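Participant: Mind looking over this structure? Questions follow.
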Amino acid sequence: MIKPLSENFFPDTSGSNKINTIYEDRFGNIWIDSQDNGISVLNMDNHTIDNYAHNPSDKNTLSSNKIFSIIEDPSGKILVATIDGTIDAFDYNTRSFQRNYIPSVEMAYTLYTDSKKIYG
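What follows is the structure, given as structure tokens:
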């Protein structure tokens with residue numbers, strides 16, 4: 034039997050413990066978004082967890098902690114669809130997000146990519 038380390042998957046947060054999306058990127062990292070707590074990334078190589086959350090005073094963070102979808106585009110960027118109609122792109126070098134507001138989209142609930150395009 035496996036015993037959890039904590040009652041909550043996100044023990045350092047006070048928000049929801051519900052998981053919406055689990056995504057494995059090309060490096061084997063596991064991206065997990067909760068209903069209200071942003072994203073936790075499990076690095077399977079060094080067994081660490083990085084947390085990413087919205088910070089209103091920092092434009093290089095997630096645009097919202099309410100995430101609908103996580104995918105990886107053909108170039109290797111992680112794309113995150115949020116409740117406020119943005120698709121945030123994660124930069125592995127700076128470990129930060131670039132917010133991409135899509136004017137004609139209220140919300141992208143699901144993202145899908147093929148070898149050429151991204152669909153929402």
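In our numbering, the protein residues as written are 34 to 153.
Cβ atoms here follow ideal geometry from the backbone N, Cα and C, with glycine treated the same way.
The structure presented is a predicted model; accordingly, all values stated were derived computationally and were not measured.
Taking buried to mean at least 16 other C-beta atoms within 10 Å of its own C-beta, is Y85 buried or exposed?
Facilitator: As a first step, residue 85 is located in the sequence shown; it is residue number 52 there, counting from the start. With 16 or more other Cβ atoms within 10 Å, it is buried.
Participant: Let me know the secondary structure DSSP gives I56 once reduced to three states.
Facilitator: Taking the first residue of the sequence shown as 1, we reach residue 56 at position 23. Note on residue identity: the sequence assigns Tyr, not Ile, to residue 56. Reduced to three states, the DSSP call for Y56 is strand.
Participant: Which word fits I82, buried or exposed, when buried means at least 16 other C-beta atoms lie within 10 angstroms of its C-beta?
Facilitator: As a first step, residue 82 is located in the sequence shown; it is residue number 49 there, counting from the start. I82 comes out exposed.
Participant: What residue range does the beta strand (DSSP E) around Y2 cover?
Facilitator: With the chain represented from 34 up to 153, any question about residue 2 goes unanswered, as that position is not in the structure.
Participant: Scan the region 59-124 and note each continuous beta strand (DSSP E) run of 3 residues or more that stays entirely inside, going in chain order.
Facilitator: Whole beta strand (DSSP E) segments, 3+ residues: 63-67, 72-76, 81-85, 100-105, 111-115, 120-124.
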